[in-house]
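Here the sequence shown stands for residues 1 to 78, numbered as in full-length UniProt numbering.
Glycine residues also receive a C-beta, built at the ideal position from the N, C-alpha and C atoms.
It should be emphasised that the depicted structure is a prediction, and the values quoted were computed from it without experimental measurement.
One structure is given here, and the rest of the page talks about it.
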Amino acid sequence: CGLRHDNTTRMRWDLATGRTPSGDTGPSLDHTTHSNKGFFVYIEASRVAMGSKAWLSSDWMDPGSAVCIQFWYHMYGE
Numbered sequence: 001c002g003l004r005h006d007n008t009t010r011m012r013w014d015l016a017t018g019r020t021p022s023g024d025t026g027p028s029l030d031h032t033t034h035s036n037k038g039f040f041v042y043i044e045a046s047r048v049a050m051g052s053k054a055w056l057s058s059d060w061m062d063p064g065s066a067v068c069i070q071f072w073y074h075m076y077g078e
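Below is the structure:
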């Protein structure tokens, strides 16, 4: 959908299907398809310093046009 990782940050967004590589760090399935065949983006945050940032960027979106973006998030930990 045109979103991409912003290379100005040290953390990175990755595209995945199924599960994340490390245990207890992500969803077990895609929220939209309710299966392990859908895709999601995630940040591997098992060993990341507090306050770290990861950005997703997109192409220019015309503020005069109708745009609908939905995000679902899933978190483990504290």
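Taking the CA atoms as reference points, residue 23 sits about 43 Å from residue 64. Residue 57 carries a strand assignment under DSSP once its states are collapsed to helix, strand and coil. Among the bridge pairs identified by DSSP, residue 69 is matched with none. Looking at the DSSP output, residue 16 bridges to 40.
Sorting 26, 51, 46 by C-alpha distance to the C-alpha of residue 40 places 26 at the top.
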